[in-house]
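Peer 1: Mind looking over this structure? Questions follow.
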Amino acid sequence: MQDYGCYHVSVGDLLRNLRDQKDQSLDIEDYIREGKLVPTATIVNILKRAIIGKLGSYHAIIIDGFPRRLDQGIASEDQIGKPDLVLFFDCQKSVAQERYLTRKLQGRLDDNEEIFQQRYKEFELLNPDIFDYYKSLGIMLKVYLDALSLEDANGILD
């Protein structure tokens with residue numbers, strides 16, 4: 052990404068790093084372990100701290116894994132700014148499940164079948180509002196990833 056003047060921020064990586072630092076002001080470990088969404092105000096503040104110094108230094112900032120709820124997106128617009136483009140990487144549930152359960156990411160405590168089912172159900176419930184909102188703004192681009200290998204799909208943001 053940096054080769055193209057872009058700064059990539061993974062919200063999941065940010066949360067895991069903060070958890071590992073034992074930042075007592077952010078009680079996020081239980082959310083991560085249980086696969087629950089971190090409260091909106093907390094996640095927006097974390098994201099804001101991560102990118103505020105990068106604004107203006109890059110052509111684009113790519114925020115990976117965000118928003119997970121529409122209120123997160125709207126709150127981030129108020130505090131950080133509106134996105135120019137929203138990429139929605141889509142694949143079938145079976146493909147998502149296989150990728151989720153076979154990835155081996157350091158610090159991941161929640162990569163198991165039960166958490167996948169919980170998170171996917173939440174995704175199916177919450178995502179249509181997010182998708183429709185950004186589509187109505189004319190900034191949504193849907194990218195189908197079913198045919199890509201896990202390595203190639205992950206490489207899109209590298």
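Numbering (this note's numbering), first residue to last: 52 to 209. All residues carry an ideal CB built from backbone N, CA and C; glycine is no exception.
(1) With 16 other CB atoms within 10 Å as the buried threshold, where does Y13 fall?
(2) With a threshold of 16 other CB atoms inside 10 Å of the CB of I112, please say whether the residue is buried or exposed.
(3) With burial defined as no fewer than 16 other Cβ atoms inside 10 Å of the residue's Cβ, what is the status of G130: buried or exposed?
(4) Going straight from the alpha carbon of L192 to that of Q72, what length do you get?
(5) So what does DSSP say about F174, is it helix, strand or coil?
(6) Relative to the C-alpha of F139, which candidate in L65, L188, Y195 and L88 has its C-alpha closest?
(7) Output the residue ranges of the beta strand (DSSP E) runs that lie fully inside the region 69 to 143 and measure 3 residues or longer, sorted by chain position.
(8) Is the separation between the beta-carbon of D197 and that of V146 shorter than 7 angstroms?
(9) Measuring alpha carbon to alpha carbon, tell me which residue in S127, C57 and I97 is nearest L66.
Peer 2: To lay it out plainly:
(1) The question about residue 13 has no answer, for the chain in this structure spans 52 to 209.
(2) Classification of I112: buried, given that the 10 Å Cβ count is 16 or more.
(3) Here residue 130 is Gln; the residue named in the question, Gly, does not match the sequence. Q130 is exposed by the Cβ-count criterion.
(4) For L192 and Q72, the distance between alpha carbons rounds to 35 angstroms.
(5) F174: helix per DSSP, three-state reduction.
(6) Each of L65, L188, Y195 and L88 was checked against the Cα of F139, and the nearest Cα belongs to Y195.
(7) Runs of beta strand (DSSP E) with 3 or more residues, each lying fully within the region 69 to 143, are found at 111 to 115 and 137 to 141, listed in chain order.
(8) By the CB criterion at 7 angstroms, D197 and V146 fall inside the cutoff.
(9) For the residues S127, C57 and I97, the minimum Cα distance to L66 belongs to I97.
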